[in-house]
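Residue numbers (the working numbering), protein chains in the order written: chain A, 1 to 346; chain G, 1 to 240; chain P, 1 to 396.
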């Protein structure tokens, strides 16, 4: 009798939907993510206030630089993410670098851990190449800043003695950009692009001790943790996860079309000619854009946007699964309660 | 030949990614191989970069520079620091392992003290200030926003009006929830327990949803590599 | 006697700004060609920073360019520190300058700033000097803006001292029951019955993170419970320093229970520093060894869900606790018992009843109570537009 009841339970629809095998769920997730991605769908995303704050701050720095060409302000970028969080942080880094190079704002970059160094080197030079930036004059990559807190505190007076050399071995006193941009007084903003809790360290040592404005570009995992700081104004805005990256990408793409022209492909094609190629030191990037490189550069401009279409599918899929699971659970519990009542009644 | 070397390592990366994903089916030999490769490579890489990126540029180069400049005191500071750091290695023998407590004590003690003021300013002072006033200076319990809502009852005005009081009440309730000195029968603790749990779970639910987006983003990143970057590499190296 | 000296030192630090020298020349002076120049000393610094406000009063067609130089005036020399080229747009401009690198002097010192301004041309050459102004900077040993941090720490230290002293003399302090800790006994018992090992992952943080230290504090009483049942205990680590401390903790706990033979240093092992390599190998260990109980206590990042799900898959009972806000939702969803945030820190006192930890937990509670009261008063006063709390005590 008990066995018969059990078998009856197994046939019930709510038990069946709660015991869908895991491989099928994973397969569904795989399809829902991969199909929009391969179809190259792009979804336009609405823009939020926190991402707007970062964008507007950089625009304000640009306006200030135009009005005070001798007292320019630069931006210090903490490249605080590694290979494991590149899908979310790469689009943020690309768009922020793009924005800064478009607006001719001097950039100084450092990375707090070894595995982040090569990533920082490749990402920075990739974008610098697209705007004919000169290493040492327009941007500098200082290399390893470990332990990061010592460097954050030293930057209040001068960051050059603690680095000794930049990432490529150049003496810090030879780089022209570091003559001025070596302390917080001359950095209008610090942007920490991170997959860990490093932005909290920036808040503690740069913002609380030296009143330096800090913005953060972070993975979605840490975004929830940083919301209190963004709301209290300690962070000047926040770019959170792939969604934030997609919003920032949209803004910067609009800006780029205004500055460079609607046809970005031909801008890239005509960027390096035989005449100007010698001016660029090939140690940092190869001053040449072939068709494959142009294709990749254009794809990179929409990396987060393409990801958002898969995100949309995945989120809808999970919401449906949660609703199905909850309905099944509700009816299962109801049936169990009814059975218990019937047994007690008998 | 060069083309093969550009293509070979990304192909290995693709195979290793797929090997890790086989864990979803069950623990198997292919997953074990990939896991052990990952672990071994990461340890070996750490050793190599510790030498090349930390020991040499941050210890050896400055000491050389200070000695050549005649700045012996600074050079001695650095050498002393290096020697104290070396004491960590004394853990390998039982007789000398007590020496490793010195560098541990110095680093733990230094960081504990060094962080006091920054952590207080960032996480206590400024956050409590922001619970009373928002960054623009207007109070969170703002009667004007409620007036605006009653004059023009839209959803946006409602959210703006209720945002501040929710934050204030939520902060107070959760702070009381984490108060361990009252017993569970105390009146204040009993009244505040359920609402505090609701607020905590709402907050955690929001964080959970956000992290879900993060996981999917990582999955999308891998798919981008396998289905987009790797075929592009194959096309460009083998095709032309 | 010691207390008197201590109080005397604190009072001296607090009133030292009174004894620093007064600034002179802190008003606007006018010069010809006309400009208004003001030197402002940066408050609460070590005497090295100045701000210069410069407003040209001539029209741009009379004098188009200026050159402003800032010197650090010493007894026998003047050292040029900064020089600014200014284009006359009729606007007042503000420049900041550091007179001397503060590392040149081990303590705060007053410096003298000397400002010289010249009319100039496009190349920035000095044509006609028309401004010379000096100012002595103020220095302070104590930054008044950080007074709240100082008072907070002093009050907390006093509370910690009082409570630890009381706990050591045997006063029983009350810490309320934390759900999840009662499950420790049943978790250890279950693992022993199943004949499976117990895994304790102290997180992936370093010793500079509080959650790691709290986790290592909890490791001791759990090891003592485990020692009673002779269940194998394994502690995988991501950080070598944490591994060293964990080995000491486990060894001492076994010795305290009279079972030094149970300690095997290979059971408290280092895996790798890479976050996801660590996650992958620990998951593999869970799948192979199928532990009966898994403790995930400490600092966790994105790999927390990997641990929790794998442990759930192999049927282990999981007790988790972390202060990482982003990882707590995963533990709540996937684990049997979760210690949220500060409960992790209180748990170490609850389990071990060590006077140091209990005393610190009570001091934390009292400080929290003080902050709740301050917050409440601040909110009430703010309704009446009185901003004492937000402007002076809880500073932004």
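Even for Gly, the Cβ is constructed at its ideal location relative to N, Cα and C. Here the structure is a predicted model, which means the values were calculated and not measured.
Alpha-carbon to alpha-carbon, residue 138/P and residue 335/P: Counting only the Cα atoms, residue 138/P lies some 58 Å from residue 335/P.
Entirely within the region 142-230 of chain A and at least 3 residues each: give me those beta strand (DSSP E) ranges in chain order. Taking only runs of at least 3 residues, the beta strand (DSSP E) segments lying wholly in the region 142-230 of chain A are 187-194, 214-218.
Say yes only if the C-beta of residue 389/P is nearer than 8 Å to one or more non-hydrogen atoms of the ligand NAP, and no if none qualify. Absence of the ligand NAP is noted for the structure shown, with no ligands found whatsoever.
Compare the C-alpha of residue 12/A against each of 85/A, 345/A, 336/A and name the closest. Per the Cα distances, 336/A.
Mind checking which residues open and close the beta strand (DSSP E) that includes residue 53/P? That run of the beta strand (DSSP E) goes 49-56.
Could you name the residues of chain G that residue 329/P contacts, counting a contact when the two beta carbons are closer than 8 Å? For residue 329/P, the chain G residues whose Cβ falls inside 8 Å of its Cβ are 204, 205, 207, 208, 211, in order along the chain.
At the level of alpha carbons, what is the spacing between residue 116/G and residue 149/P? The alpha-carbon atoms of residue 116/G and residue 149/P are separated by roughly 8 Å.
Just the Cα atoms here: how many angstroms apart are residue 73/A and residue 187/A? So the alpha carbons of these two residues sit roughly 5 Å apart.
Straight-line CA distance for residue 24/A to residue 20/G? Cα-Cα distance, rounded: 18 Å.
Nearest to residue 79/A (by Cα), restricted to the options 177/A, 109/A, 245/A, 172/A: With distances taken between Cα atoms, residue 79/A lies closest to 109/A.
Name the residue from 374/P, 297/P, 305/P, 386/P whose alpha carbon lies nearest to the alpha carbon of residue 342/P. Nearest option by C-alpha distance: 297/P.
Once you ignore the five residues that flank residue 120/A on each side, which residues in its own chain have a CB closer than 7 Å to its CB? Hits under 7 Å: 79, 109, 111, 141.
For the region 170-189 of chain P against the region 208-216 of chain P, do three or more pairs of beta-carbon atoms, one drawn from each stretch, fall closer than 8 Å, so that the two count as touching? The region 170-189 of chain P makes no contact with the region 208-216 of chain P; the number of CB pairs closer than 8 Å stays below 3.
Going by DSSP, what residues sit across from residue 194/G in a beta bridge? Residue pairing of residue 194/G in beta bridges, as defined by DSSP: absent, with no partner found.
Per DSSP, residue 203/P is paired with what? Beta-bridge pairing by DSSP links residue 203/P to 299/P.
Give, in chain order, every residue of the region 58-76 of chain A whose Cβ lies closer than 9 Å to some Cβ of chain P. The residues in question are 67, 68, 69, 70, 71.
So with CB distances below 9 Å, who are the chain A contacts of residue 219/G? Per Cβ cutoff of 9 Å: 29, 30, 33, 87, 310, 314.
Short CB-CB distance (under 9 Å) between residue 225/A and chain P: With respect to chain P, the C-beta atom of residue 225/A has a partner C-beta closer than 9 Å.
Can you confirm whether residue 240/P, when its beta carbon is compared against all beta carbons of chain G, has any partner nearer than 9 Å? Put simply, the CB of residue 240/P is near chain G, with a gap under 9 Å to one of its CB atoms.
Note down the Cα distance separating residue 219/G from residue 327/P, rounded to an integer number of angstroms. Those two C-alpha atoms are separated by around 19 Å.
So if I threshold CB-CB distances at 7 Å, which residues from the region 175-204 of chain A count as touching chain P? Residues passing the 7 Å Cβ filter: 185, 196.
Going straight from the alpha carbon of residue 163/P to that of residue 354/P, what length do you get? Each residue's alpha carbon lies about 12 Å from the other.
Interface residues of the region 125-151 of chain P facing chain A [CB-CB below 7 Å]: Residues are counted here when their Cβ sits less than 7 Å from a Cβ of chain A; for the region 125-151 of chain P the count is zero.
Give a yes or no on whether 9 Å exceeds the smallest Cβ distance from residue 112/G to chain P. Answer yes: the Cβ-Cβ gap between residue 112/G and chain P drops below 9 Å somewhere.
Hey, quick one: how far does the beta strand (DSSP E) through residue 230/G stretch, first residue to last? Not the beta strand (DSSP E): residue 230/G falls in the alpha helix (DSSP H), residues 230-234.
Curious, which full-length beta strand (DSSP E) runs of at least 3 residues does the region 303-359 of chain P contain? Every beta strand (DSSP E) of 3 residues or more that sits fully in the region 303-359 of chain P is shown, in chain order, as 317-322, 337-340.
Does the CB of residue 115/A have a neighbour CB from chain P at under 9 Å? For residue 115/A, the answer is yes, since a Cβ of chain P falls inside 9 Å of its Cβ.
Option nearest residue 309/A by Cα separation, candidates 270/A, 34/A, 267/A, 21/A: Ranking the options by Cα distance to residue 309/A, first place goes to 34/A.
Residue span of the alpha helix (DSSP H) that contains residue 332/A, given as start and end: Taken as a continuous stretch (DSSP letters only), the alpha helix (DSSP H) holding residue 332/A covers 303-345.
Tell me the DSSP secondary structure of residue 110/A in three-state form. Note: residue 110/A maps to strand in three-state DSSP.
Closer than 9 Å by beta-carbon distance: list the chain P residues that pair up with residue 147/G, in chain order. Going along chain P, no residue has its Cβ under 9 Å from residue 147/G, so there is no contact; the nearest lies around 15 Å.
Secondary structure of residue 21/P, DSSP reduced to three states: Note that residue 21/P has pLDDT 44, beneath the 50 cutoff, so the model's placement of it is unreliable and no number is given.
How about residue 342/P: is its C-beta nearer than 9 Å to some C-beta of chain A? Not an interface residue.
If you compare alpha carbons, which of 103/A, 29/A, 102/A, 290/A is closest to residue 320/A? Minimum Cα-Cα distance from residue 320/A among the listed residues 103/A, 29/A, 102/A, 290/A corresponds to 29/A.
Ordered along the chain, which non-local residues of its own chain (more than five positions away) have a Cβ less than 8 Å from that of residue 179/G? Correct list, in chain order: 189.
Just to check my reading of the structure: residue 241/P and residue 207/P have Cβ atoms closer than 8 Å, yes? What is that Cβ distance to the nearest angstrom? That belief holds up - the Cβ atoms of residue 241/P and residue 207/P are roughly 5 Å apart, short of 8 Å.
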